[in-house]
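Structure (structure tokens):
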């Protein structure tokens, strides 16, 4: 059960962050219907982020305590550290790649 909770907690967190970022870019750089799609992506990302916060027991005063598959309380710290490490590693690799391309 712990592996499933960790998978679901990171899935909801990364999906929320990616949807919000994609929505911001789409709303900013898009035109017409693309801006509406960007707004929808932002709303979906925020709703999934609320689900993540509920599972992390950060909304217990408002929504109660999570049970079953949405109980992320014991897996959050490990998963967030893993995501931060992955993002930092990817950013460093991207920076080196861009530096190499610009110098060539």
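Residue numbers (this note's numbering): 8 to 111. Ideal Cβ positions, reconstructed from N, Cα and C, are used throughout, including at glycine. Small disclaimer: the values here were computed from a predicted structure and weren't measured.
Using 8 Å for Cβ pairs, my map puts residue i next to residue j. What's the rounded Cβ distance?
| i | j | result |
| --- | --- | --- |
| residue 63 | residue 45 | Not really, about 26 Å apart at Cβ, beyond 8 Å. |
| residue 16 | residue 56 | Contact doesn't hold; Cβ gap of about 12 Å is too wide. |
| residue 48 | residue 30 | 3 Å |
| residue 99 | residue 21 | With a Cβ gap of about 19 Å, residue 99 and residue 21 do not count as contacting. |
Tell me which residues share the same chain as residue i and place their Cβ nearer than 8 Å to its Cβ, disregarding the 5 neighbours each side in the sequence.
| i | result |
| --- | --- |
| residue 25 | 52 |
| residue 88 | none |
Run through DSSP, which three-state label would residue i get?
| i | result |
| --- | --- |
| residue 81 | coil |
| residue 72 | coil |
| residue 12 | helix |
| residue 39 | coil |
| residue 66 | coil |
Closer than 7 Å by C-beta to residue i: which residues in its own chain qualify, once you throw out the five before and the five after it? Chain order, please.
| i | result |
| --- | --- |
| residue 82 | 9, 12, 13, 16 |
With a CB to CB cut of under 6 Å and the five nearest residues on each side skipped, what residues in its chain are close to residue i?
| i | result |
| --- | --- |
| residue 80 | 64 |
### Query
Taking three-plus beta-carbon pairs below 8 Å as touching, is the stretch 71-82 in contact with the stretch 10-18?
yes
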